[in-house]
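Trainee:
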Amino acid sequence: MPRDYYEALGVSRGAGDAEIKKAYRQLAMQYHPDRNPGNAQAEERFKAINEAYAVLSDPDKRAHFDRFGAAPPGAGPGFGDTGFGTLFEDIFENFFSGAGRGRRARAARGEDLQYELKIALEDAAAGVETKIQAPRLERCEPCGGTGAEPGSRLEPCDLCHGRGEVRRSHGFLTVAQPCPKCRGAGQLNRRPCGACRGEGRQRAERLLGVKIPPGIEDGMQLRLSGEGSSGPGGGPAGDLYVLVRIREHEVFTRDGADLHCDLPIGFAQLALGAELAVPALHGTATLRVPAGSQPHQVLRVRGKGMPHLRHRGHGDLCYRLILEVPPKLNAAQREALEAFEAASRGERGPLTKAFFERMKKLLG
């Protein structure tokens, strides 16, 4: 896999945090082991993607990588492109912490996971507690997370003698670096566990409870700390991010805490005014249409929309008045409309007057 983390995620060196996060999510979903069972190449790609994101999402680690790059696996120390920055970091670490002390690599943290949860708009308004079945990597029970076959033990590394580091001389300088044989662990697994193949964790599914707060919006994430995959070698677990998706509603569309609805209405109701029972998210509401209302005018029922997520109160129900013209008229309807038309001759409304004024100016 490429050691260029930008290449691993398919982004440019000038990519912003949002672009990096988007690229990571797409690739992580594509190469996730649960979507590619038995595909070793996809699993390695998934690990490389996580490694790249761990570096590029951290400002300090990214700045270090931009300056010094990442040392290729198995590369020895030197002043070229094989770890110049790490070399001097190790010098100062040894100087201040004591050169006689060995060090072992910390157990790696498990991967963060994402679970997409779809809910109804009504559930988003009221809040809901639900259960999800989340696939993840959990500690291997037969080996207790050590990765060694039950009954066997991890052995001290014969290259670094269990210290997790080797020391090399560069003139008058002595530099400590992670042991290339045990990768800084200080121990070797001579007999890997047959159940987890030495990784110390296995694929499993866990039933978890999730509490959806009232007013949550589409695309928001909820973090469940420590509910991601367990770390290899007994390392701490990552986090699980629940991505909330709200299903499309048959009547309402959402704009923040406001709910919008197109309401068909007749000419007589617009002209004379009316009091209508209109749909609400939970039942019905009463909408008063003032006499002389106009098509596409928006009327509100205050405080009956979605709850605000971060403060008190609710949004509004918003109804856009859509004039419905009957495609056919019966005799009584036609007679009534003809009488209205006859009574209205010579009278023009403000919109009609303004239109004819503009037309006169246009025609000279």
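In the working numbering, the protein residues as written are 1448 to 1811.
The C-beta atom is built at its ideal place from N, Cα and C for all residues, glycine as well.
Only a predicted model underlies this, so the values are computations on that prediction, with no experimental measurement involved.
1. Which one of G1796, C1708, A1721, G1662 has the shortest CA to CA distance from G1760?
2. State whether the region 1694–1706 contacts the region 1579–1586, with contact taken as three or more CB pairs (one from each stretch) at a distance under 8 angstroms.
3. From R1701 to Q1668, what distance separates their C-alpha atoms?
4. Which residues mark the beginning and the end of the alpha helix (DSSP H) in which K1880 is found?
5. With DSSP as the reference, label E1536 as helix, strand or coil.
6. Kindly indicate which residue of L1710, P1679, S1672 has the alpha-carbon position closest to the one of L1560.
7. Report the three-state DSSP secondary structure of H1707 (helix, strand or coil).
8. Return the first residue and the last residue of the alpha helix (DSSP H) that K1751 is part of.
9. Please determine, among Q1744, V1745, D1763, the residue with the shortest C-alpha to C-alpha distance to G1752.
10. Given a cut-off of 8 angstroms on the beta-carbon distance, is the pair P1737 and G1720 in contact?
11. Which class does D1665 belong to by DSSP, given the choice of helix, strand or coil?
12. In the DSSP assignment, find the beta strand (DSSP E) that holds A1581 and state where it starts and stops.
13. Residues in the same chain with beta-carbon distance under 6 angstroms from K1469, minus the five sequence neighbours each way, listed in chain order, please.
14. Leaving out five residues on either side along the sequence, give the residues of the same chain with a beta carbon under 6 angstroms from the beta carbon of A1457.
15. Can you give me the C-alpha to C-alpha distance between G1645 and A1487, rounded to a whole angstrom?
16. DSSP three-state call for K1658: helix, strand or coil?
17. Quick one: any contact between the region 1712–1719 and the region 1768–1775, if contact means 3 or more CB pairs under 8 angstroms?
18. Answer with buried or exposed for Q1477, where buried requires no fewer than 16 other C-beta atoms within 10 angstroms of its C-beta.
19. Taking only runs of the beta strand (DSSP E) that begin and end inside the region 1753–1792, which ones reach a length of at least 3 residues, in chain order?
20. Return the chain-ordered list of same chain residues with a C-beta closer than 8 angstroms to the C-beta of P1639, the five sequence neighbours on each side being excluded.
21. Is the separation between the beta-carbon of Y1452 and that of A1499 shorter than 8 angstroms?
22. Could you check which residue in G1609, P1742, R1767 has the C-alpha nearest to that of V1725?
23. Looking at the unbroken beta strand (DSSP E) that takes in L1687, where does it start and where does it end?
24. Tell whether a beta-carbon distance below 8 angstroms holds between D1665 and G1675.
25. Where R1757 and E1558 are concerned, what is the direct C-alpha to C-alpha distance, given to the nearest angstrom?
26. Ignore the nearest five residues each way along the sequence and tell me which others in L1654's own chain have a CB closer than 7 angstroms to its CB.
27. Compute the beta-carbon to beta-carbon distance between E1585 and R1648, rounded to the nearest angstrom, for a pair I have assumed lies under 8 angstroms.
28. Hey, how far is the Cα of A1779 from the Cα of A1718?
29. So, are the CB atoms of E1569 and L1690 less than 8 angstroms apart?
30. Assign Q1744 to one of three DSSP states: helix, strand, or coil.
31. Smallest Cα separation from R1556: which of A1501, R1482, R1630, G1598?
Mentor: The structure says:
1. Counting from 1 along the sequence shown, the entry for residue 1760 is found at position 313. Nearest of G1796, C1708, A1721, G1662 to G1760, Cα basis: G1662.
2. no
3. As a position in the sequence shown, residue 1701 is number 254, starting the count at 1. As a position in the sequence shown, residue 1668 is number 221, starting the count at 1. The straight-line gap from Cα to Cα measures roughly 18 angstroms.
4. In the structure as shown, the chain begins at 1448 and stops at 1811. Residue 1880 is therefore absent and cannot be evaluated.
5. Residue 1536 sits at position 89 when you count from the first residue of the sequence shown. Reliability fails at E1536, whose pLDDT of 41 lies under 50, so the model's placement of it is uncertain and the value that follows must be treated cautiously. Looking at E1536 - three-state DSSP - the assignment turns out to be helix.
6. Residue 1560 sits at position 113 when you count from the first residue of the sequence shown. Nearest of L1710, P1679, S1672 to L1560, Cα basis: S1672.
7. Here residue 1707 refers to the residue found at position 260 of the sequence shown. If DSSP states are grouped into helix, strand and coil, H1707 belongs with the strands.
8. The residue labelled residue 1751 in the question sits at position 304 within the sequence shown. Careful: K1751 lies outside any alpha helix (DSSP H) and carries neither H nor E.
9. The sequence position of residue 1752 within the sequence shown is 305, counting from 1. Closest by alpha carbon: D1763.
10. As a working note, residue 1737 is residue 290 in the sequence shown. As a working note, residue 1720 is residue 273 in the sequence shown. Contact: yes.
11. If you number the sequence shown from 1, residue 1665 lands on position 218. Here D1665 sits in coil by DSSP.
12. Taking the sequence shown and counting its residues from 1, the one referred to as residue 1581 is at position 134. Where A1581 is concerned, the enclosing beta strand (DSSP E) stretches over 1575–1586.
13. Residue mapping note: residue 1469 aligns to position 22 of the sequence shown, counting from 1. Excluding positions up to five away in sequence, the list is empty.
14. Here residue 1457 refers to the residue found at position 10 when the sequence shown is read from its first residue. Correcting the residue identity first, residue 1457 is Gly in this sequence and not Ala. The answer, listed in chain order, is A1470.
15. Counted from its first residue, the sequence shown places residue 1645 at position 198. Counted from its first residue, the sequence shown places residue 1487 at position 40. Their Cα atoms are separated by approximately 15 angstroms.
16. As a working mapping, residue 1658 is identified with position 211 in the sequence shown. Three-state result, K1658: strand.
17. yes
18. As a working mapping, residue 1477 is identified with position 30 in the sequence shown. Note on Q1477: under 16 other CB atoms within 10 angstroms of its CB, so exposed under the neighbour-count rule.
19. Those beta strand (DSSP E) runs which fall completely within the region 1753–1792 and span 3+ residues are 1764–1770.
20. In the sequence shown, the residue the question calls residue 1639 occupies position 192. Within the same chain, P1639 has close Cβ partners G1594, A1595, E1596, G1645.
21. Walking along the sequence shown from the start, residue 1452 turns up at place 5. Walking along the sequence shown from the start, residue 1499 turns up at place 52. Yes, they are a contact pair.
22. The count along the sequence shown starts at 1 and reaches residue 1725 at position 278. Among G1609, P1742, R1767, the Cα nearest to that of V1725 belongs to R1767.
23. The residue given as residue 1687 occupies position 240 in the sequence shown. Counting along the chain, the beta strand (DSSP E) containing L1687 begins and ends at 1687–1693.
24. As a working note, residue 1665 is residue 218 in the sequence shown. As a working note, residue 1675 is residue 228 in the sequence shown. Not closer than 8 angstroms, so no.
25. Residue mapping note: residue 1757 aligns to position 310 of the sequence shown, counting from 1. Residue mapping note: residue 1558 aligns to position 111 of the sequence shown, counting from 1. Taking the straight line joining both Cα atoms gives about 30 angstroms.
26. Taking the first residue of the sequence shown as position 1, residue 1654 is located at position 207. Closer than 7 angstroms at the Cβ level, and outside the excluded window around L1654, lie K1578, Q1580.
27. Within the sequence shown, residue 1585 is the residue found at index 138, counting from 1. Within the sequence shown, residue 1648 is the residue found at index 201, counting from 1. So it is a contact: roughly 6 angstroms between Cβ atoms.
28. By one-based count along the sequence shown, residue 1779 stands at place 332. By one-based count along the sequence shown, residue 1718 stands at place 271. If you take the alpha carbons of A1779 and A1718, they lie about 19 angstroms apart.
29. Taking the sequence shown and counting its residues from 1, one reaches residue 1569 at position 122. Taking the sequence shown and counting its residues from 1, one reaches residue 1690 at position 243. Between E1569 and L1690, the gap from beta carbon to beta carbon reaches 8 angstroms or more.
30. In the sequence shown, the residue the question calls residue 1744 occupies position 297. Correct three-state label for Q1744: coil.
31. On the sequence shown, residue 1556 is found 109 positions in, with the first residue counted as 1. Of the candidates A1501, R1482, R1630, G1598, the one whose C-alpha sits nearest the C-alpha of R1556 is A1501.
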